[in-house]
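Just so we're aligned, residue 2 is where the sequence shown starts under my numbering, counting upward by one. For each residue, glycine too, the CB sits at the ideal point set by N, CA and C.
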Amino acid sequence: MYFIFEAILITGIAFVRYRAALLFFTFLLALSPRSTSIAIGQSGLAFSFTRYALLVMLGCFIVKLMRHPKIWRRAKYALFQERSSTILILLAGLKLSMSFYATGVSSLPYIFDDVSITLMCFLIFYVFTKTQYDFRKLLVAMTLSVLLSGLLGLIEASFAKPLVTFLASGAVAGSDDVLAGITRNSSYRLQALFDNPLLLAEFTVLATPLIIYLFHTASGFLRMIWAGAMFVAAALLVGTGSRAGLILYAIEIPAIFVLSRRGDWGFLLKLVAAFVVVTVIGVALYSGFDSFMSLAQEGKTGNFWLYDDEDRSTLERASQYLIVFEQMKNNPFFGFGVRQSLHNELDFLNRLDSYWLRLLLEGGIFAPLLFIGFAIVAIRRVIGSDLIGFRKPPLLRAALLVFIAMFVSLKLFISIPSNNIYFFIVIGAFFGVTQKPNKVWSDAHSACP
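Given below as structure tokens:
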């Protein structure tokens, strides 16, 4: 009943007021666990709220394109004149071709998932976010999700059991692990209405820069609310037990303060890029060395298999890079296509905890390069926009830069793509609100003398 209630609610709002439906969709994403979905067929494909809502919004979007020429012109600009859209189209095309090559038409439902989370969300929020007020409301919707997740986490902690247990449909294949909950050292790990504590941690880390911006640009009672949201975010991260999430949370707050100072943005761009590169290289070198030494001691350097009998998640994640790189050496330009569950369908992989590795496995070496290219274009847009009309432009610029950097870093240890939707919603909306005024259209007439 929970999924049906959400579906009816978002449908009614979408047909009455489309922009309001987009905001409500953003808010509900944190409250729509997979375990409340309806299973379809024997493949384990779940008809979830996210999939349903995206179909509804896509249908309404197409109708609006046909009925309103201005919306069509704006969508055409977003698709054909924005470099970022070109990158996403290329990435979708690459994954589609690799999927057809590897698995045939069976991967089509999951290709739609991938395209809807990336290109579709980017395009829709680009087109319908036109003012600074629209963009701010979007940030508020995400922050309210954090506040409600904190309340749910407080209730969940008293039960020491996932709240989705009380909402689950019981018909979704593979939901038993979600309903069982996750512990570390006998301590229960919060997940609110997310399917995994790591997804809650990822969402909280991504939302924190936006909460900080709202806090510093509000006053009175609203400022107290956003201050409470920052406290809730910290409590949620502690409750999830995500070590990487807590480390990134501790990094992003001073980073926003440093980047919001006035200065040479070219230098700051290089600083951010250097931070990301050094982090990636450092993690890769440490992980590779630690994994190789541990595997060598156990005589497993020949096959690079993960540990199934040891509770060492950091070492397991590090080993995945060795496994994937070893497999991709013989076929670096072609991946294995988009699949429902890579680690269950690829014989050489027991577990997958990196979205960058997922991209490599799905589309070959060019897939992660295209994704990095999109992040670079987003960074350049944030730095290059004058942000006239926004409250405290330097702080917003810093918050968005940290938001992008956190997303890139989180993908090192989280492979589940569902939370990527927040990234493309925020970036798409920002691109839309900072779109330069359109030049004279080709069908316009010259002025009379």
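Length of the line joining the Cα atoms of VAL141 and LEU215
Spanning the two alpha carbons is a distance of roughly 8 Å.
Can you give me the start and stop residues for the alpha helix (DSSP H) that ASP135 sits inside?
Annotation for ASP135: the continuous alpha helix (DSSP H) segment containing it runs 133-160.
Among ASP348, VAL339, GLU346, whose alpha-carbon lies nearest the alpha-carbon of TYR356?
It is VAL339.
Start and end residues, alpha helix (DSSP H) containing MET451:
Outside the displayed range of the chain (2 to 450) lies residue 451, so it cannot be described from this structure.
Beta bridge counterpart(s) of TYR189 as assigned by DSSP:
Paired residue(s): THR184.
When we look at the beta-carbon of ASP115 and count the other beta-carbons within 10 Å, is it buried (16 or more) or exposed?
Classification for ASP115: buried.
Pairwise C-alpha distance: ALA76 and PRO70
Going from the Cα of PRO70 to the Cα of ALA76 covers about 10 Å.
Residue closest to ALA430, alpha-carbon to alpha-carbon, out of GLN82, ILE11, ALA31, LEU139:
Considering only alpha carbons, the answer is LEU139.
DSSP on ALA76, reduced to helix/strand/coil?
The answer is helix: DSSP assigns ALA76 an H, G or I state.
Report the residue from THR184, GLN133, LEU145 whose alpha carbon sits nearest the alpha carbon of PRO163.
Of the listed residues, the one whose Cα sits closest to PRO163 is THR184.
ASP387 lies in the alpha helix (DSSP H); which residues open and close that run?
Neither: ASP387 is in no alpha helix (DSSP H) and is coded neither H nor E.
According to the Cβ coordinates, are THR87 and ALA169 closer than 8 Å?
Against a cut-off of 8 Å, the Cβ pair of ALA169 and THR87 comes out as no contact.
So, is MET58 buried or exposed, given that buried needs 16 or more other C-beta atoms within 10 angstroms?
Label assigned to MET58: buried.
Thinking C-beta only, is VAL165 closer than 8 Å to SER233?
Looking at the sequence shown, residue 233 is not Ser but Val. With respect to VAL165, VAL233 sits apart: the two C-beta atoms are not nearer than 8 Å.
If distances are taken between C-alpha atoms only, which option among SER33, SER342, ASP348 comes closest to ASP354?
Cα-wise, what sits closest to ASP354 is SER342.
Could you tell me whether the Cβ atoms of PHE1 and LEU362 are closer together than 8 Å?
Nothing can be reported for residue 1: it is not among the residues displayed for the chain, which extend from 2 to 450.
Can you tell me where the alpha helix (DSSP H) holding GLY229 begins and where it ends?
Note, GLY229: alpha helix (DSSP H), 221-241.
What residue range does the alpha helix (DSSP H) around ILE257 cover?
ILE257 -> alpha helix (DSSP H) spans 244-260.
SER100: first and last residue of the uninterrupted alpha helix (DSSP H) it sits in:
Note, SER100: alpha helix (DSSP H), 84-104.
Could you give the distance in angstroms between the alpha-carbon of ILE11 and the alpha-carbon of ALA54?
Cα-Cα distance, rounded: 7 Å.
Give the range of the alpha helix (DSSP H) segment to which ARG398 is assigned.
First-last of the alpha helix (DSSP H) with ARG398: 394-411.
Cutting at 6 Å between CB atoms, please list the residues of its own chain near HIS344, excluding the five before and the five after it.
Closer than 6 Å at Cβ, skipping near neighbours: LEU350, ARG352, LEU353.
Can you give the Cα-Cα distance for ALA251 and THR209, rounded to whole angstroms?
Spanning the two alpha carbons is a distance of roughly 11 Å.
Between the C-alpha atoms of ALA47 and PRO395, what's the straight-line distance to the nearest angstrom?
Cα to Cα, the separation comes out at about 42 Å.
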